[in-house]
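Numbering (our numbering), first residue to last: 173 to 351. Idealized CB from N, CA, C, for every residue including glycine.
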Amino acid sequence: MERKIVRMASKRLSLLVLGAATLLAASLSTGVSLAQADGSVTHTIFVTGMEVKGATTADELTSPSVNPKDLSKGYGFKAPGEVDKKKPQKWQVASYMFTPSFVTVHQGDTVKLTVFIVNGNKHEVYVTAPDGKRVVPAREWNRGREYKIQFVAKKAGSYQLICSEHAPTMTMTFLVLPR
Ligand SMILES: [Cu+2]
173 MERKIVRMAS
183 KRLSLLVLGA
193 ATLLAASLST
203 GVSLAQADGS
213 VTHTIFVTGM
223 EVKGATTADE
233 LTSPSVNPKD
243 LSKGYGFKAP
253 GEVDKKKPQK
263 WQVASYMFTP
273 SFVTVHQGDT
283 VKLTVFIVNG
293 NKHEVYVTAP
303 DGKRVVPARE
313 WNRGREYKIQ
323 FVAKKAGSYQ
333 LICSEHAPTM
343 TMTFLVLPR
């Protein structure tokens with residue numbers, strides 16, 4: 173009888189250890205949210221700086237009358253003849269972005285970003301609070317490098333990660349809901 177109780181207790185203990193280990197593994201391997209005693213949460217978010225491209229030919233669709241480069245420094249455009257000399261009809265557009273580009277957190281939460289730059293040799297980035305003040309000062313990010321920044325979302329409203337090289341469209345928004 174006693175042995176049975178001991179066996180059950182040790183089984184429970186090993187289940188507990190397994191549960192804790194699973195939790196730890198989950199928090200290490202994913203973008204996670206860790207709650208603090210005051211209810212605030214630390215979010216670890218993995219972000220990629222990337223460029224998407226699209227192309228077609230002028231016989232399929234005429235190229236845009238407005239040059240996308242006039243709409244944003246983050247847009248690219250190669251007119252028919254500029255993409256491929258052998259395919260004079262081909263034209264191409266491109267856009268730089270952060271992905272994900274929108275996340276929601278609560279006031280008081282800590283946002284930890286790990287950003288990997290896949291496209292673009294040079295980006296000039298900073299983070300602004302809802303009042304426009306910079307909570308992360310300007311810095312240069314280069315292709316193939318991983319960068320870590322963090323800030324506390326003290327105010328409700330929108331914080332933004334902005335790349336001034338590719339403004340206004342290469343932006344990530346953090347909507348901060350009142351706690
Ligand atoms: Cu950029």
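For residue i, the first and last residue of its enclosing beta strand (DSSP E)
i	result
H338	Where H338 is concerned, there is no enclosing beta strand (DSSP E), given that its DSSP letter is neither H nor E.
L285	282-289
S205	205-207
E232	Careful: E232 lies outside any beta strand (DSSP E) and carries neither H nor E.
R306	306-314
K320	318-324
K294	294-300
V277	274-278
Buried/exposed call for residue i, threshold 16 Cβ in 10 Å
i	result
V234	According to the sequence displayed, residue 234 carries Thr and not Val. With fewer than 16 Cβ atoms within 10 Å of its Cβ, T234 is classed as exposed.
A325	buried
L285	buried
V238	exposed
D281	buried
G226	exposed
T343	buried
A193	Because A193 sits at a pLDDT of 48, beneath the cut-off of 50, its placement in the model cannot be relied upon, and the following sentence gives the value as read from the coordinates. Per the 10 Å Cβ criterion, exposed.
F346	buried
Whole-Å CB distance - residue i paired with residue j, under 8 Å assumed
i	j	result
E312	K245	That pair is no contact at about 16 Å.
T271	V348	So it is not a contact: roughly 20 Å between Cβ atoms.
V297	M269	That belief does not hold up - the Cβ atoms of V297 and M269 are roughly 13 Å apart, past 8 Å.
Residue(s) in a DSSP beta bridge with residue i
i	result
K250	Q264
Cut-off 7 Å between Cβ atoms - residues of its own chain near residue i, not counting five sequence neighbours on either side
i	result
A230	P252, Q261, W263
K294	E312, N314, E337
Own chain partners of residue i with C-beta closer than 6 Å, once the 5 adjacent residues on each side are dropped
i	result
S205	V213, H215
G248	A266
G328	It should be noted that the sequence gives Ala, not Gly, for residue 328. These residues qualify, in order along the chain: Q279, V348, P350.
Contacts around residue i, its chain only, beta-carbon distance under 8 Å, and the 5 residues preceding and following it disregarded
i	result
V299	R306, V307, V308, I321, F323, Y331, Q332, L333, I334
P302	K327, A328, G329, S330, Y331, V348
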